[in-house]
Amino acid sequence: MKVFWDEETLTYHTIKERKRLQMLSKKEAAQYKKMAETDKSIKVMELDEQDFLYLDFGEQPKPTEEELAADFRKLLQTEMETEETALPEDIAMLKESKEDGMDGVDPRRKDTWDLSGTLIECIERYARFLTDEEMNEILLGMESGLSEKQVKNYFCLPVKKMEQYRRMYVANME
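Residue numbers (the working numbering): 7 to 180.
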């Protein structure tokens, strides 16, 4: 329901909202136009009968040329950003390793890994390059009471070899 004040006749007018689309008299249309200036939820359209018959209410409005150009610019910009950030995997790994202070170390080649420092430092340095099984073998060696030197001896080996070395060291301890 809409209530508005008509300044010319100094009276209030009440218009009940019956439907979303209403056919108005000329007087009501003028009053709605005044209300539409202040209330953005009110839309007033003037159509003759023939134009009204050809309206398609289910149709989505087509984007304007400016909107299409803006969307195209955004798409190009995002593509350029992804091309800049999407480096090949080996280059990205080398870039990460340089940022981590691992210059000259290829994380995929375990024979180039630097195992200096404590065992914990080595694990922190290379944990993201170890598989779950490899990490498990290292932790099992530590839990079994092996020395850091013994665990570092099999740190860079494949999982099967790690398991063999760990078992051999544990058997020699008993």
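Glycine included, each C-beta is placed from N, C-alpha and C at the ideal position. Remember, it's a predicted structure, so these values are computed and weren't measured experimentally.
Could you check what DSSP says for residue i in three-state terms: helix, strand or coil?
i    : result
I48  : coil
D12  : strand
Y18  : strand
Y60  : coil
R115 : coil
M168 : helix
K40  : helix
L82  : helix
E180 : coil
D77  : helix
Q66  : coil
G147 : helix
Candidates the options: which alpha carbon is nearest residue i's?
i    : options                   : result
E188 : K158, E149, M179 and E140 : Absent from the model: residue 188. The displayed extent of the chain is 7 to 180, so no value can be given.
F58  : M29, Y18 and K116         : M29
D138 : P164, D117 and T70        : P164
K33  : L81, T88, T15 and Q83     : T15
For the ligand GTP, any of its heavy atoms closer than 6 Å to the Cβ of residue i?
i   : result
G64 : Questions concerning the ligand GTP fall outside what the structure shown contains, since it holds no ligand whatsoever.
For residue i, which residues of its own chain have a beta-carbon under 6 Å away from its beta-carbon, when the five flanking residues on both sides are left out?
i    : result
C128 : L121
Q156 : Y175
E13  : none
Q66  : none
Do residue j and residue i count as a contact pair if the criterion is CB distance below 7 Å?
i    : j    : result
G147 : R173 : no
L152 : Y175 : yes
E149 : L125 : no
K39  : V50  : yes
Please return the same chain residues whose Cβ sits closer than 8 Å to the Cβ of residue i, not counting the five positions on each side in sequence.
i   : result
E43 : none
L61 : L53
D77 : P69
Using a Cβ-Cβ cut-off of 7 Å (strictly less than) and excluding sequence neighbours within five positions of residue i, which residues of its own chain qualify?
i    : result
D117 : C162
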